[in-house]
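Everything in the sequence shown is counted per our numbering, starting at 4 for the first residue and increasing by one. Glycine is no exception: its CB is placed at the ideal position from the N, C-alpha and C atoms. Written below as structure tokens is the structure these notes are about.
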Amino acid sequence: MATISSGDLLEQLKWRYAVKEFDSAKKISEELIDALEESLVLTPSSFGLQPWKFIIVGDESLKDQMPAISWNQPQPKDCSHMVLLAIKRNFSESDVNRFIDCLAEARQVTTESLDGYRKFAGGFVAQGVSEGWIEHWSTHQVYIAIGQLMVSAALLGIDACPMEGIQADAYDELLGLDSNEYHVVLGCALGYRSEGDKYATMPKARYSKSSILERL
Numbered sequence: 004m005a006t007i008s009s010g011d012l013l014e015q016l017k018w019r020y021a022v023k024e025f026d027s028a029k030k031i032s033e034e035l036i037d038a039l040e041e042s043l044v045l046t047p048s049s050f051g052l053q054p055w056k057f058i059i060v061g062d063e064s065l066k067d068q069m070p071a072i073s074w075n076q077p078q079p080k081d082c083s084h085m086v087l088l089a090i091k092r093n094f095s096e097s098d099v100n101r102f103i104d105c106l107a108e109a110r111q112v113t114t115e116s117l118d119g120y121r122k123f124a125g126g127f128v129a130q131g132v133s134e135g136w137i138e139h140w141s142t143h144q145v146y147i148a149i150g151q152l153m154v155s156a157a158l159l160g161i162d163a164c165p166m167e168g169i170q171a172d173a174y175d176e177l178l179g180l181d182s183n184e185y186h187v188v189l190g191c192a193l194g195y196r197s198e199g200d201k202y203a204t205m206p207k208a209r210y211s212k213s214s215i216l217e218r219l
């Protein structure tokens, strides 16, 4: 299988940064947006349960309203596409069953053959619901997705800015999400950097590899 070189990978990761100013005139092509959407679909998750929903906003009238609910940050308005990452609310055994059906279809096996996995994953979810941490777990899964999205964007030469500084409930309302079904937890602005963004040429401040990484 063809792969990129280690040098190319590191070059793109060094190239990326959290964009502060997007060029609002530059738009991501439909082909590249489709690829980024697929990268989100392909994101791994705990037990494979995918407790999320991704909303990709390119509509200018919606984007125009976003700075006001993002602590006046301009990126949601000026970027090409704003991605909102939401967790699925009230995650339960029915969601486990839905995934088992999906898994059986993908692997061309019977759902009965997956009963052991169903019980294992279902027990985990049931415990999370009863102990009140299931949404905390779901939120952790969404962070895996934004990481995959940002690396995928960098490899395609697309800029990004991850955004926790948003008013999540207001985004739910703007996007028409049912509060009992989904809840936005963070966003990621995608597009192309402005030539005037001073942060584009600033050196990255990262701790040395030896101070944060250990091989055993």
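Short Cβ contact (7 Å threshold) for residue i with residue j
| i | j | result |
| --- | --- | --- |
| L43 | A156 | no |
| V22 | C164 | yes |
| L88 | L189 | yes |
| A203 | R209 | no |
| I90 | S141 | yes |
Counted within 10 angstroms of its Cβ, other Cβ atoms place residue i as buried (16 or more) or exposed
| i | result |
| --- | --- |
| P47 | exposed |
| K66 | buried |
| V112 | exposed |
| K122 | exposed |
Contacts around residue i, its chain only, beta-carbon distance under 8 Å, and the 5 residues preceding and following it disregarded
| i | result |
| --- | --- |
| Q15 | A157, L158, G160 |
| G199 | E24 |
| I7 | L158 |
| R19 | M153, A156, A157, D162, A163 |
Close Cβ partners of residue i (< 6 Å) along its chain, the five nearest in sequence each way excluded
| i | result |
| --- | --- |
| S32 | none |
| G125 | E96, V99 |
Reduced DSSP category for residue i - H, G, I as helix; E, B as strand; rest coil
| i | result |
| --- | --- |
| W55 | strand |
| K91 | strand |
| A124 | helix |
| D98 | helix |
| C105 | helix |
| P79 | helix |
| L13 | helix |
| P165 | strand |
| M205 | coil |
| V60 | strand |
Own chain residues within Cβ distance below 7 Å of residue i, not counting five before or after
| i | result |
| --- | --- |
| Y174 | I72, L87, V187 |
Any contact between the segment 51 to 60 and the segment 98 to 111? By contact I mean 3 or more CB pairs, one from each, below 8 Å. yes
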